[in-house]
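Residue numbers (the working numbering): 14 to 283.
For each residue, glycine too, the CB sits at the ideal point set by N, CA and C.
These numbers were taken from a predicted model, which means no experiment stands behind them.
For reference, the structure discussed in these notes is given below.
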Ligand SMILES: [Zn+2]
Ligand SMILES: [Zn+2]
């Protein structure tokens, strides 16, 4: 699996996962032209997208879905709540449900999900596993607060894309009104750098190759703050993989999902 984080933050999110038999797009929170530009930059052809998986219906995750589906005719997968919300706005989209009890197979990849505490109708965190190699990617943003279900779902992943939304003091002293600050920091809002670090501490294992911090707030976070806070927790847990920070304005350099020991031997030989 080759992963391209096309962009992440409160103005839009999309992650392209290229596999043997096509590309899965997790979220489509950008307009069509932006998605096309971002995909082109990382060598992904939008015409290879076989399905869109949605974490939830908020605009920064789903605003680009109608135009993309009109162009590609591909199905949209999500929880029943997410699909209900989408159907209200867009009648004739081909929709397939992701449950939390049984995995589903999309594009020959195994998709598992669990609910998160975010303030959408029925938001999901997801894992995508290649059954041939066993390699697994986990994605959790707009998380609200960590839960035992989430930690269980994300256990054993070789790559994790995790929300590190805000620095707690930047949020406290930042420009948002109190109600917005309370929503963001509350149990149904977004994970702080500190909360992301705490969650990751429980998810490090010897084969975790890549951690990507995502959905950083433009007003209440900085990449260096998020990286430093999480780096400390990861170092203390023995993490030896790559730590990346996704950006809103630009896609990340694509990378392969692989265990840390393969990354190390790859670096030694290259
Ligand atoms: Zn969001
Ligand atoms: Zn959201």
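Would the beta-carbon of residue i be found less than 7 Å away from any heavy atom of ligand 1?
| i | result |
| --- | --- |
| residue 71 | yes |
| residue 26 | yes |
| residue 182 | no |
| residue 47 | no |
| residue 171 | no |
| residue 228 | yes |
| residue 92 | no |
| residue 262 | no |
| residue 205 | no |
| residue 23 | yes |
Is the closest heavy atom of ligand 2 to the C-beta of residue i under 7 Å?
| i | result |
| --- | --- |
| residue 131 | yes |
| residue 155 | yes |
| residue 179 | no |
| residue 74 | yes |
Hey, quick one: how far does the beta strand (DSSP E) through residue i stretch, first residue to last?
| i | result |
| --- | --- |
| residue 125 | 122-128 |
| residue 108 | 108-110 |
Output needed for residue i: all residues of its chain with C-beta closer than 6 Å, excluding positions within five of it in sequence on either side, in chain order.
| i | result |
| --- | --- |
| residue 69 | 95, 133, 136 |
| residue 178 | 203, 204, 228, 230 |
| residue 221 | 254 |
| residue 106 | 82, 89 |
| residue 103 | 79 |
| residue 214 | 246, 250 |
| residue 212 | 159 |
| residue 125 | 116, 140 |
| residue 164 | 215 |
| residue 54 | 264 |
So, at 7 Å on beta carbons, what are the nonlocal neighbours of residue i in its own chain, with the 5 sequence-adjacent residues on each side left out?
| i | result |
| --- | --- |
| residue 41 | 27, 48, 65, 75, 77, 78, 81 |
| residue 169 | 149, 218 |
| residue 36 | 29, 30, 57, 61, 62, 63 |
| residue 34 | 120, 121 |
| residue 22 | 228, 229, 231, 261 |
Tell me, please, which residues DSSP counts as bridged to residue i.
| i | result |
| --- | --- |
| residue 101 | BP columns for residue 101 are empty, so no partner. |
| residue 205 | 179 |
| residue 261 | DSSP lists no partner for residue 261. |
| residue 117 | 124 |
| residue 255 | 223 |
| residue 31 | 15, 36 |
| residue 140 | 125, 151 |
| residue 173 | 151, 224 |
| residue 20 | 27 |
| residue 269 | 15 |
Starting from the C-beta of residue i, find all residues in its chain whose C-beta is less than 8 Å away, skip the five residues before and the five after it, and write them out in chain order.
| i | result |
| --- | --- |
| residue 155 | 68, 69, 71, 74, 129, 131, 133, 136, 176, 203, 228 |
| residue 108 | 88, 89, 90, 91, 96, 99, 100 |
| residue 194 | 184, 185, 187 |
Which two residues bound the contiguous alpha helix (DSSP H) that contains residue i?
| i | result |
| --- | --- |
| residue 245 | 236-249 |
| residue 217 | Where residue 217 is concerned, there is no enclosing alpha helix (DSSP H), given that its DSSP letter is neither H nor E. |
| residue 165 | 161-167 |
| residue 193 | 191-198 |
3 or more residues per run - each beta strand (DSSP E) lying fully within the segment 35-92: Secondary structure remark: continuous beta strand (DSSP E) runs of at least 3 residues inside the segment 35-92, in chain order: 35-39, 62-66, 89-91.
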